[in-house]
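Numbering (this note's numbering), first residue to last: 6 to 241. Don't be surprised by glycine CBs; every beta carbon is placed ideally from N, CA and C. First up is the structure itself, then whatever we jot down about it.
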């Protein structure tokens, strides 16, 4: 009895499911396969279509930017500078006022920077900024013996002061102050002439050179190691 009931229930479920699937299959359209041969696109047509895309983008600029001039007008660009100005910043060197003061004499030498070969030919080379500095060109060189001091008098304070006044006067008489834009004072040694030349530059004699001084350098040579020094002289 129970088996017949189960069979009848399953048969009814099967028939209902079969009817529902038939109704759904009627609603879905059936697409038949084409019997025509497949056609392949030409490679030239594909490349033409791909090349046309960027051309369309180029032909349609954004609003307000029709050309490069319009873009440059709208941007805040820094003003252009002469590239030779940057080279002048690296190549330009100051004149040097060398003072060599020893215990027995005082030497003063004025040197001018040697122009680089690229600048002398009218061409600028950025690599000149990384080259080692060339030796300066001496303009004048004097010592206390050249202005009349002899023997022990050459190492005195007065001799060095008169020498500094004479050199500063020569710079003015030769018209070198127009050529000098910047000057660097290089001091060497600890003789009496070191302070004497400094006083002359700070005084009335150096009034036209003092505003052009850009640096003061101490080039006194100090010994570190090396050969053994002679024993100090002991008197008495």
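> Along the chain, where does the beta strand (DSSP E) that runs through residue 214 open and close?
Replying inline: Judged by DSSP secondary structure, residue 214 falls outside any beta strand (DSSP E); it is assigned neither H nor E.
> DSSP puts residue 115 in a beta bridge; with which residues?
Replying inline: Under the DSSP definition of a beta bridge, residue 115 partners with 102 and 145.
> For the alpha helix (DSSP H) that residue 169 lies in, which residues bound it at each end?
Replying inline: Where residue 169 is concerned, the enclosing alpha helix (DSSP H) stretches over 162 to 178.
> Quick one, which of 205, 98, 109 and 226 has its alpha-carbon nearest residue 140's?
Replying inline: The shortest Cα separation from residue 140 among 205, 98, 109 and 226 belongs to 98.
> Thinking C-alpha only, which one of 233, 224, 109 and 217 is nearest residue 183?
Replying inline: For the residues 233, 224, 109 and 217, the minimum Cα distance to residue 183 belongs to 217.
> My guess is that residue 152 and residue 171 are in contact by the Cβ rule of under 8 Å, so how many angstroms apart are they, rounded?
Replying inline: Going by Cβ atoms, the distance from residue 152 to residue 171 rounds to 6 Å, so yes, they are a contact pair.
> Going straight from the alpha carbon of residue 109 to that of residue 119, what length do you get?
Replying inline: When rounded, the distance between both Cα atoms is 31 Å.
> Just curious, the beta strand (DSSP E) that residue 188 is in, first and last residue?
Replying inline: Residue range 188 to 193 is occupied by the beta strand (DSSP E) that includes residue 188.
> Is the Cβ-Cβ distance between residue 165 and residue 201 less than 8 Å?
Replying inline: Cβ distance < 8 Å, so residue 165 and residue 201 count as in contact.
>> Going by DSSP in three states, residue 185 sits in which element: helix, strand or coil?
In response: Here residue 185 sits in coil by DSSP.
>> Taking the alpha carbon of residue 107 as the reference point, which residue from 235, 207, 233 and 198 has its own alpha carbon closest?
In response: For the residues 235, 207, 233 and 198, the minimum Cα distance to residue 107 belongs to 198.
>> On a Cα-Cα basis, can you pick out the residue from 209, 159 and 115 that is closest to residue 142?
In response: Considering only alpha carbons, the answer is 115.
> Grouping DSSP H, G and I as helix and E and B as strand, with all else coil, what is residue 224?
Replying inline: Residue state, collapsed to three classes: coil.
> Under the DSSP definition of a beta bridge, which residues are partnered with residue 218?
Replying inline: DSSP lists 188 as partners of residue 218.
> So what does DSSP say about residue 124, is it helix, strand or coil?
Replying inline: A caution first: residue 124 carries a pLDDT of 47, below 50, which makes its placement in the model unreliable, though a value can still be read off. Helix.
>> Could you tell me the alpha carbon to alpha carbon distance between residue 203 and residue 146, rounded to whole angstroms?
In response: Spanning the two alpha carbons is a distance of roughly 17 Å.
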